[in-house]
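Below is one structure, written out as structure tokens; comments come after it.
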Amino acid sequence: MTSYAQLLDQVREGALGPDPAALRIAVAFTTRQAARHDGRGTGYRNEVLSLRLAEAVGSCAVEPGALPDSALDDCVGADLARLLEHPLEPVRVAALDAYLMHTAPHTRASGAESVPLPTGSSLVKSRARARAVVELLDLPAGATVLVVGVVNSLLAELRSRGLDYVPCDLKGGRTEWGEEVTRDALGAADACDALLVSGMTLGNGTFEPLREHALRHGKKLVMFAQTGSAVLPRFLGHGVSAVCAEPYPFFWLDGGPGVVHRYRCDGGRR
């Protein structure tokens with residue numbers, strides 16, 4: 068798979084599984100959350116669109132308040148072929164994710180390494196996920212990582228390993244440690260040794276330029292994905308070096324045990 072557009076075309080044509088026109092979404096829902104972990108000076112909000120296809124759930128995060136209520140009505144009972152052509156990018160991404168979760172779920176046969184997350188507070192689980200993600204970078208101390216989609220637990224894990232980073236997020240602002248957050252990911256990428264990127268970039272259209280940058284310059288690109296967890300492993304070896312996939316339900320939804328699924332280029336390709 069060489070581009071996101073080509074992946075979409077293959078799914079629309081039924082080249083990767085059943086005809087999407089024959090599959091319908093039974094349930095569409097949004098999950099909205101605000102969090103401020105103990106001991107942290109800042110908080111954050113999440114909003115995620117999720118589509119249920121049989122046993123699978125596909126998801127795409129959106130900026131809080133950006134998704135119109137009509138999107139849910141558009142999705143319920145609609146066939147996948149129609150949703151893959153929907154005018155809203157997050158709907159198209161969630162539909163693609165649901166299709167690929169349905170046809171090729173996260174299993175060892177697909178190249179996934181399942182990593183358990185412990186029970187505990189949201190901060191305990193956030194830190195455990197951060198370790199699972201950052202281990203995929205496998206960089207020497209002193210390397211600089213572009214982090215697209217600021218998550219303080221990820222930044223803290225990078226700091227603990229002696230890695231420098233450039234935080235980037237479309238919202239801008241500052242990190243927990245007062246560092247300025249750039250909005251220009253590609254502008255900052257040249258000076259970085261590797262990229263650590265949120266799956267949210269699928270939903271806002273910024274994934275492809277980052278993938279192409281990593282491919283062109285031979286840099287590691289590690290994705291951490293609640294958005295498009297079944298989509299991004301398709302790009303292993305095509306700019307993406309590794310993926311930490313986290314399908315719904317996400318770690319922040321309850322205190323029980325959880326799991327993430329890690330993929331590496333040398334661990335099989337879907």
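According to the working numbering, the residues represented by the sequence shown are 68 to 337, in order. All residues carry an ideal CB built from backbone N, CA and C; glycine is no exception.
Helix, strand or coil at residue i [DSSP, three-state]
i, result
"GLU275", "helix"
"THR174", "coil"
"ASP164", "helix"
"PRO300", "helix"
"GLU80", "coil"
"ARG336", "With a pLDDT of 42 at ARG336, under the threshold of 50, the predicted position of this residue should be treated as unreliable, and no value is reported."
"VAL158", "helix"
"VAL200", "helix"
"ARG228", "coil"
"HIS153", "coil"
"CYS142", "helix"
Whether residue i touches residue j by CB criterion (9 Å)
i, j, result
"GLN100", "GLU114", "yes"
"GLY125", "ASP164", "yes"
"VAL217", "THR268", "no"
"HIS305", "LEU277", "no"
"THR249", "ASN219", "no"
"LEU203", "VAL94", "no"
"ILE92", "ALA148", "no"
"ARG198", "GLU156", "no"
"LEU90", "HIS169", "yes"
"VAL289", "VAL200", "yes"
"SER117", "TYR315", "yes"
"PRO343", "SER177", "No answer is possible for residue 343: the residues shown for the chain start at 68 and end at 337."
"ALA102", "SER227", "no"
"LEU206", "ALA195", "no"
Reference residue i, options the options, closest by Cα
i, options, result
"TYR338", "LEU222, GLY285 and VAL307", "With the chain covering 68 to 337 only, the question about residue 338 has no answer from this structure."
"LEU213", "ALA199, PRO207 and LEU230", "LEU230"
"PHE274", "PHE302, GLY285 and ALA145", "PHE302"
"VAL298", "ALA199, LEU151 and VAL160", "VAL160"
"CYS127", "ALA312, SER189 and ALA102", "ALA312"
"GLY270", "VAL158, LEU83 and GLN73", "VAL158"
"LYS238", "LEU134, ASP251, LEU75 and ASP140", "ASP251"
Exposure of residue i, with buried meaning 16 or more beta-carbon neighbours within 10 Å
i, result
"SER265", "buried"
"SER137", "exposed"
"SER181", "exposed"
"ARG337", "Residue placement at ARG337 is flagged as unreliable, the pLDDT there being 42, under the threshold of 50; a coordinate-derived value is accordingly withheld."
"ALA82", "exposed"
"LEU320", "exposed"
"PRO87", "buried"
"ARG175", "exposed"
"HIS173", "buried"
"ALA121", "exposed"
"ALA171", "buried"
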